[in-house]
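Residues 2 to 161, numbered by my numbering, are exactly what the sequence shown covers, in order.
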Amino acid sequence: MRAGPSTAYPVVVGLPSRAALSVHGCTTNTSWCDVSWGRERGWVSANYVQVVYRGVPTVVAPVIAPAVGITVVSFNETYWNTYYFGRPWYGQWNAYYRRGAHSPRGGAVAGCNDRGCGGAAISPGHVAFGHCTDGTCSGTSMNRGPLGHVRVRHGSLSRD
């Protein structure tokens, strides 16, 4: 279990195999989940988190998370201050946060209704947005590299 949604964050506690976790939510891309184990709170890669879906233990994935009621949660300094005060690395928020996959000036938003879904994520050097039309989810992502080069990616996925 990590103190943030990346391996760049310090370890909060080593979890035993098959530990029973409470899942509070996952990141927008469902790669990390905010979990509790006993009195500990932190982040675990979604690849290691299983939920029961249709009666079968299943790894959390972007399609599975909303189907089992897992919401999107964010990680920020308030979270850090709430759960890690007194830890040896508590005063190092800026060092860890900047090394992680997040930006202090970035943000993400997503929403769904009966007509589909959409979302946007913005951080320095990265912009992404998506929408859903006629059952097909589409998205565009633009990344600006350290030398100013821009990479744009487009994609779509049909919903069942």
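Glycine residues also receive a C-beta, built at the ideal position from the N, C-alpha and C atoms.
Asked, Found
"Could you say if the stretch 83-101 and the stretch 52-62 meet the contact criterion of at least three C-beta pairs nearer than 8 Å?", "no"
"Measuring only the C-alpha atoms, how far is residue 25 from residue 82?", "17 Å"
"Rounding to the nearest angstrom, what Cα-Cα distance links residue 69 and residue 27 in this structure?", "12 Å"
"Cutting at 6 Å between CB atoms, please list the residues of its own chain near residue 32, excluding the five before and the five after it.", "47"
"Smallest Cα separation from residue 34: which of 58, 85, 12 and 7?", "7"
"Tell whether a beta-carbon distance below 9 Å holds between residue 38 and residue 10.", "no"
"In terms of residues, what are the limits of the alpha helix (DSSP H) holding residue 10?", "Segment: none, residue 10 is in no alpha helix (DSSP H) and carries neither H nor E."
"For the alpha helix (DSSP H) containing residue 54, name the first residue and the last one.", "It is not in any alpha helix (DSSP H) - residue 54 instead sits in the beta strand (DSSP E) that spans 51-54."
"Cβ of residue 73 within 9 Å of Cβ of residue 29?", "yes"
"Under the rule that 16 or more other beta-carbon atoms within 10 Å means buried, what is residue 66, buried or exposed?", "buried"
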